[in-house]
Each structure stands twice: as C-alpha cells, then as structure tokens.
Amino acid sequence: MSLSYRVLRQKLLMAKVRLEAVTRRFENVTAIEDITFEVPDGEFWVLVGPSGCGKSTIMRTIAGLESVSSGKIYLDDILVNEIPARQRDVAMVFQNYALYPHMTVAENLAFGLQMRKIDKETIAKRIEIVARSLDIAHLLNRKPKQLSGGQQQRVALGRAIARQPKVFLLDEPLSNLDAQLRDDTRAELKRLHAQVGITTIYVTHDQVEAMTLGDRLVVLERGRIQQVGRPQDVYAYPANLMVATFLGSPPMNILPASCINDKFMVCDNLLPIPEEMYKKIQPSAGEGFNLGIRPENIWARSSESGENLGKLSIEVELVEPLGRETLVRGKLPNSEVRVNFIAPASWQESPGSHVAIQLDLDKLFVFDPSSGKTVYP
Ligand code: ATP
3 MSLSYRVLRQ KLLMAKVRLE AVTRRFENVT AIEDITFEVP DGEFWVLVGP
53 SGCGKSTIMR TIAGLESVSS GKIYLDDILV NEIPARQRDV AMVFQNYALY
103 PHMTVAENLA FGLQMRKIDK ETIAKRIEIV ARSLDIAHLL NRKPKQLSGG
153 QQQRVALGRA IARQPKVFLL DEPLSNLDAQ LRDDTRAELK RLHAQVGITT
203 IYVTHDQVEA MTLGDRLVVL ERGRIQQVGR PQDVYAYPAN LMVATFLGSP
253 PMNILPASCI NDKFMVCDNL LPIPEEMYKK IQPSAGEGFN LGIRPENIWA
303 RSSESGENLG KLSIEVELVE PLGRETLVRG KLPNSEVRVN FIAPASWQES
353 PGSHVAIQLD LDKLFVFDPS SGKTVYP
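Numbered by this note's numbering, the letters in the sequence shown go through residues 3 to 379 in order.
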C-alpha cells in the first residue's frame, strides 16, 4: 500500500498556502477578519472553533468559491485572488460527499480527470492506485447508495486524491460517521497524510479531531484568529480564556478569584499563590482574576502532599462513571461556580455530598477577567 502511495506522491506537486489579512464581509456580517497564516508545503493544518467562527468561509475563499472583501491569498507564492476555482488546483471534500449518485464508484473517481481531458490510460492507472490504497477496489462497480458512510467517505477522498491536487481542503469530512467509524477514519486520514504528504487544511469543531490530526492548529472565534500553534503548545499555553476552555475534554474549570495578600480568594476558599506566579502577575489588593485549572490537575482526595496544593470544598452534583475513571461534576457551595474533575473508577461519593478536592497550583492558569488574555503562565 505505501509503495503505491510513494509512486503517486512522486508525481504530486505540493504547495504552500498563504493568507494575508483576509477579510470577508456579507452585507453587515463580517464572517472572517484579518486572517493571516501560512501553511508550509506538505503540512496538515486544522482550522478549529465553534459554529459560525468562519472556518468554512476561510476554506471557500482558498478554494475560490468565495471572493474576499480584502486581503490576499497565495498558492505557492502566486496571488490567486482573481484566479477562478477550477484553475486553482485545490481539491475540496465536504461534509456531504457529493458523490454523483447515478455513477459507479469508478465513474465517480474518473469524472474529474475526464473533465480535465486526462488520457484514459492515466485515468485507469490513477484509479487503480487510489482504489487499492484506500481499500475500495472491491467497490468500483457499486453506486454510492450501495456503500456505507465510511466507504462513501473514502471514495470522496479517493476522488480528491486521484485528481492529484496541490492542496486538499477537507471541511468536516467525518461528521456523518458514527463514533467508531469516525475514530477509524481519523486514524486512516492521519496515515494517509503521512504517506501522501499533500498540503492539507482541515476544518472541524471537534477539538479531539483537531488535537490528534493537526501539525498546527488555527483556533478561531467570531471570525478572528485566536491562536496558531502546535496542538500540544496551544493546549499547554493557550493565549486566552476562549482557547483554554475550547481545547480539552472535559474543559478547563474557570474560578473567579480576587487577591488577598499572597492568596487567591475563590468564593470562601483561600488558595496560596505560588511564588513564581505571584512575581509574574504582581497582584494589587482586591484585584480580580479568572483562574483556570484542567480537570486532570485536580485530585479527588486530600492525601496528596506537596508544596503547591490548594484545597477546595465542593458539592457533588453529578457522578458519571466512564469505566476507566469517573467524571465528577460539582460546584462550590452557595455559588454557581462549576468544578469538574476526574476521580478514580472506584470513587464512591454521591450527588449532594460535600467533598474536599486538591488543586495542583503549579498548573493554574490566570486570565485577565476583562480581556480574557492569559496572564500566567
Ligand atoms: P459551522 O461550524 O457552523 O459550519 P463556520 O465556522 O464554518 O460554522 P461560516 O460558515 O464560515 O462558519 O460562517 C461564518 C459567519 O459568516 C457566520 O456568522 C455566518 O452566518 C456568516 N455567513 C457565512 N456565509 C454567509 C453568507 N453567504 N451570507 C451571510 N452571512 C454568511
């Protein structure tokens, strides 16, 4: 399988994609604003963010299906703003695969190539390689409705690969699949990219897909880039509260706090501020912050020992056994501040009980409550 891919790969022209200050407005809606990033040759980048943040609009402007209001788009250093979609040499796979229902799989794979007037022999060769590589060779004579969702998805990808585009644009290509198939196809996509190495931009609102697939993430909200970086860096050093709470499942807990001397006051609890953090944020008396703590940095027991641990008392609201571990949802008593954490599978408390938990204070994030920007670390 990998040999076939290598043969294919040698023929592929790879490309980098650059957006410079791209903005797209629709009457009074600004769908995307001042979008700037560059995807190097052969990398897999993921655009991620909540619904309506502008992911699809970015893809459509790169594909040439949407014009830009201002800014520049380059494919391999060539300005393509005025170049029509058909001539941009990018292949897009959407959530709905848009396979031609009256054509067989083989005809679907061949169609784009025939339109480009590629000779029959080359078409047959490409279909053979792609079909073998994607394990759809046995489906070539079937019509799309005779295929499962996962098979259709592979045909749609195969059709894009057979075209040998410079760039792949994949817009939520897995969202029609059930959970298991989604996991499998995600892994297959990752393998595929490692083998074919075509520059790929992938859109998802699923943070697990984003974290697992991307060489780099572009996190978006309300049409603007919030952060660009490697998944592990964006997770460890989120630029702001939006990024911090968007990546991670269950999400980061946010605790409103104010400073009293060298302590944070969180509802009625006092948490010592670690020295390094104190030096960095230099809080004034009474200053307010939002503290962030990921569920994996909270312990459901009070026996941990260590220098920088903070204790909170919480009221258990919901206990969700996940098999390997238990997800506990609680809140600080007499408040609406929610705290979720992971407890061992054997955890026995029930809703309504009050328990002490411990926070690894070295893993605390501190956010400016008005701008949302990360002030620590
Ligand atoms: P989703 O994840 O729900 O698909 P998205 O992140 O892909 O969302 P876009 O589809 O790019 O978001 O839309 C971004 C914003 O632009 C939204 O507010 C949307 O309503 C608006 N928008 C997109 N296309 C148009 C259009 N043709 N006319 C008016 N507004 C539009």
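From the three backbone atoms N, C-alpha and C, an ideal C-beta is built for every residue, glycine too.
Please say whether residue j and residue i have beta carbons closer to each other than 9 Å?
i: residue 53; j: residue 207; result: yes
i: residue 273; j: residue 281; result: no
i: residue 312; j: residue 367; result: no
i: residue 202; j: residue 45; result: yes
i: residue 158; j: residue 198; result: no
i: residue 324; j: residue 347; result: yes
i: residue 205; j: residue 57; result: yes
i: residue 292; j: residue 343; result: no
i: residue 19; j: residue 34; result: no
i: residue 363; j: residue 253; result: no
i: residue 297; j: residue 257; result: no
i: residue 167; j: residue 200; result: yes
i: residue 193; j: residue 164; result: no
i: residue 351; j: residue 318; result: yes
i: residue 169; j: residue 255; result: no
Starting from residue i, trace the beta strand (DSSP E) in both directions and tell me its first and last residue.
i: residue 249; result: Here residue 249 belongs to no beta strand (DSSP E), and DSSP marks it neither H nor E.
i: residue 173; result: 169 to 173
i: residue 275; result: Neither: residue 275 is in no beta strand (DSSP E) and is coded neither H nor E.
i: residue 365; result: Looking at the DSSP string, residue 365 is not in any beta strand (DSSP E), and its letter there is neither H nor E.
i: residue 83; result: Per DSSP, residue 83 belongs to no beta strand (DSSP E) and is neither H nor E.
i: residue 294; result: 290 to 295
i: residue 33; result: 31 to 41
i: residue 349; result: Premise fails: residue 349 is in no beta strand (DSSP E) and is neither H nor E.
i: residue 23; result: 19 to 28
i: residue 377; result: 376 to 378
i: residue 48; result: 46 to 50
i: residue 268; result: 265 to 268
i: residue 77; result: 72 to 77
Pull up the CB-CB distance for residue i and residue j, whole angstroms please, since I reckon it's below 8 Å.
i: residue 314; j: residue 262; result: Between residue 262 and residue 314 the Cβ distance is about 16 Å, and since that is not below 8 Å, they are no contact.
i: residue 48; j: residue 212; result: 5 Å
i: residue 114; j: residue 132; result: Contact flag wrong, Cβ pair sits at about 12 Å.
i: residue 249; j: residue 284; result: Wrong, their Cβ atoms sit about 28 Å apart, outside the cutoff.
i: residue 90; j: residue 82; result: 6 Å
i: residue 224; j: residue 55; result: 6 Å
i: residue 51; j: residue 221; result: 6 Å
i: residue 136; j: residue 156; result: 5 Å
So the alpha helix (DSSP H) residue i belongs to, where does it begin and stop?
i: residue 182; result: 181 to 198
i: residue 210; result: 209 to 215
i: residue 62; result: 57 to 65
Any heavy atom of the ligand GTP inside 8 Å of the beta-carbon of residue i?
i: residue 29; result: Judged by which ligands are present, the ligand GTP is missing from the structure shown, whose ligands are the ligand ATP.
Fill in: Validate contact between the stretch 354 to 361 and the stretch 228 to 246 using beta carbons, cut 8 Å, 3 pairs
no
Worksheet item: Curious, which full-length alpha helix (DSSP H) runs of at least 4 residues does the stretch 219 to 247 contain?
Response: 233 to 238
Worksheet item: Are the stretch 62 to 72 and the stretch 104 to 122 touching, with three or more C-beta to C-beta distances below 8 Å?
Response: no
Worksheet item: Is it true that the stretch 229 to 236 meets the stretch 74 to 84, where meeting means three or more beta-carbon pairs spaced less than 8 Å apart?
Response: no
Worksheet item: Taking three-plus beta-carbon pairs below 8 Å as touching, is the stretch 173 to 183 in contact with the stretch 144 to 158?
Response: Taking 8 Å as the limit for Cβ pairs, the verdict is that the stretch 144 to 158 does touch the stretch 173 to 183.
Discussion item. Extract the residue ranges of the alpha helix (DSSP H) inside the stretch 302 to 347, only unbroken runs of 4 or more that lie entirely within it.
Written reply: none
Item to complete: Mind listing, in chain order, the continuous alpha helix (DSSP H) runs of no fewer than 4 residues lying wholly within the stretch 86 to 174?
Response: 107 to 117, 122 to 135 and 151 to 164
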